[in-house]
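Participant: Throughout the sequence shown, residue numbering follows my numbering, covering 92 to 449 in sequence. We treat Cβ as the ideally placed atom computed from N, Cα and C, and that holds for glycine. There's a structure below that I have some questions on.
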Amino acid sequence: MNNLIYILSDCPNDEGILRIIYFILQIIRIITIVVPIILIVSVMIDILKVVASGNDSALKDKLNQAKNRFIAAVCTFLVPSIISLTLSILGPLDLEIDKYVKCANPDDIENVIVNNAKELVEEAKSSLTQDTHDKAVVAVNKISDEKLKEQYLNELSEVQKIITKNNEKPQNRPNVDDKLVVDYPDAVVENLAAFIGSETGWHKDGTLSQLVTGAVFINNFYKFVGGEITTKSMCDTFSYPGLYSSGYCNYSLSKLSSIGIDENGKNHLMLIAKILLAKKFTIPKDVRHEAAKVGIITNRGGKVWGKAYTGVSKYPYTYFGCTKYDIPIDDVDVYGNSVSNDFNDYQGIANEVYEKYS
Numbered sequence: 092m093n094n095l096i097y098i099l100s101d102c103p104n105d106e107g108i109l110r111i112i113y114f115i116l117q118i119i120r121i122i123t124i125v126v127p128i129i130l131i132v133s134v135m136i137d138i139l140k141v142v143a144s145g146n147d148s149a150l151k152d153k154l155n156q157a158k159n160r161f162i163a164a165v166c167t168f169l170v171p172s173i174i175s176l177t178l179s180i181l182g183p184l185d186l187e188i189d190k191y192v193k194c195a196n197p198d199d200i201e202n203v204i205v206n207n208a209k210e211l212v213e214e215a216k217s218s219l220t221q222d223t224h225d226k227a228v229v230a231v232n233k234i235s236d237e238k239l240k241e242q243y244l245n246e247l248s249e250v251q252k253i254i255t256k257n258n259e260k261p262q263n264r265p266n267v268d269d270k271l272v273v274d275y276p277d278a279v280v281e282n283l284a285a286f287i288g289s290e291t292g293w294h295k296d297g298t299l300s301q302l303v304t305g306a307v308f309i310n311n312f313y314k315f316v317g318g319e320i321t322t323k324s325m326c327d328t329f330s331y332p333g334l335y336s337s338g339y340c341n342y343s344l345s346k347l348s349s350i351g352i353d354e355n356g357k358n359h360l361m362l363i364a365k366i367l368l369a370k371k372f373t374i375p376k377d378v379r380h381e382a383a384k385v386g387i388i389t390n391r392g393g394k395v396w397g398k399a400y401t402g403v404s405k406y407p408y409t410y411f412g413c414t415k416y417d418i419p420i421d422d423v424d425v426y427g428n429s430v431s432n433d434f435n436d437y438q439g440i441a442n443e444v445y446e447k448y449s
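What follows is the structure in structure tokens.
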């Protein structure tokens, strides 16, 4: 298949369903081959044993059994043909079942992935919004053709530059002159607040640590999951390999009572979460690591960007960083806004936004 040319088809564009059907068909194909072989081999072994024993009456019984097994083997082998016949009968009913089955193969699934990615790349080019750009990046990263993937990612890189330029502000500080508006359900706010409290504590002295920890989570969300922030998509981020723990899914502040959090602490964490969800505190998008120890970042080939006091005696600091390939020099956040890439600037920013909205 040519690296840069993929033929449009009338296959359904639901890649997930096609993959499931493909997996089921593979299992059926294996069964239709393996089961008949097992039946035939078992018949041969049984007949050889009876012939060797010289028992004629037993041989007659085994031959009858062999006939039944042979019929079973033929029926098993014909399963795909029976399925195909059934689908051809159902086809005129416009159920599109036949389309799904015909397209459930690696080449057509790859075509669907590429076509979906192409549509999203074109949408990102035309809309020039961060959300469509991020969705396109997620779709493009599913393409197995490395040359085509690189081409689309390069195109999206140019789109990101335009988005960033369009969103540039005269200064690298957040706008705190307006009200704190959070367009998310309480469950999302509470889930984020509880996660931050569990990761880095809930003391007011650790406000910067908490804000950056939450910002790192949001960076990881848009990098690996994307779309709208919901409790479900947050769980997908928590469960993403190598990031956090699925135990944070649907986490609530009530679960933190066991580690001594009081009402003041809960209110503080809720405010931290709201500030983050209202986009009043952001950091460079490539800062995607936070840990209680430097080694957790550096031992994995990462680079430490900064550290912040937590107010927790056991782990007094939280360290933040990026991979050595993603040093945050572009000073752009996940929303395409220009931000400072100097960690020392963020204590003042944290104090400013917290005092404004507390």
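Just the C-alpha distance for T373 and T123, rounded to the nearest angstrom, thanks.
Facilitator: 56 Å
Participant: Once the 5 residues before and after G356 are set aside, which same chain residues still bring their CB inside 6 Å of it?
Facilitator: W293.
Participant: Assuming Y243 contacts L362 under a Cβ cut-off of 8 Å, what Cβ separation, rounded to an integer in Å, is found between them?
Facilitator: In fact, because the Cβ distance is near 40 Å, the residues do not count as touching under 8 Å.
Participant: Buried or exposed: which applies to Q117, given that a residue is buried once 16 or more other Cβ atoms fall within 10 Å of its Cβ?
Facilitator: exposed
Participant: Could you spell out where the alpha helix (DSSP H) holding G397 opens and where it closes?
Facilitator: G397 -> not in any alpha helix (DSSP H); beta strand (DSSP E) instead, spanning G393 to Y400.
Participant: Could you check the C-alpha separation between Q262 and D433 for me, to the nearest Å?
Facilitator: Because Q262 carries a pLDDT of 46, less than 50, the predicted location of this residue cannot be relied on, and no value is offered for it.
Participant: Just grab the DSSP bridge partners of V423 for me.
Facilitator: S429
Participant: Could you check whether P419 and P460 sit closer than 8 Å to each other, using their CB atoms as the reference points?
Facilitator: As displayed, the chain neither begins before 92 nor continues past 449, which places residue 460 out of reach and without an answer.
Participant: Locate the alpha helix (DSSP H) running through D329, then write down its first and last residues.
Facilitator: The sequence given here places Phe at residue 329; Asp does not occur at that position. It spans T322 to F329 - the alpha helix (DSSP H) in which F329 sits, taken as one unbroken run.
Participant: Please identify the residue among D222, S218, D277 and V385 whose C-alpha is closest to the C-alpha of K398.
Facilitator: V385
Participant: Is the beta carbon of V423 closer than 8 Å to that of T255?
Facilitator: yes
Participant: Taking the alpha-carbon of A285 as reference, which of D222, C340, Y410 and Y426 has the nearest alpha-carbon?
Facilitator: C340
Participant: So is F114 buried or exposed if we call it buried at 16+ other beta carbons inside 10 Å?
Facilitator: Classification of F114: exposed, given that the 10 Å Cβ count is below 16.
Participant: Quick check on K405: buried or exposed, where buried means 16 or more other Cβ atoms within 10 Å of its Cβ?
Facilitator: exposed
Participant: What is the DSSP secondary structure of T223, counted as helix, strand or coil?
Facilitator: helix
Participant: Suppose the cutoff is 8 Å on Cβ atoms and the five residues either side in sequence are ignored; what does the same chain contact list for K240 look like?
Facilitator: V231, N232 and I234
Participant: For V229, collect the residues of the same chain with a Cβ closer than 6 Å to its Cβ; drop the 5 residues on either side in sequence, then sort them by chain order.
Facilitator: G317
Participant: Taking all protein chains shown into account, do 16 or more other C-beta atoms lie within 10 angstroms of the C-beta of Y342, making it buried, or fewer, making it exposed?
Facilitator: buried
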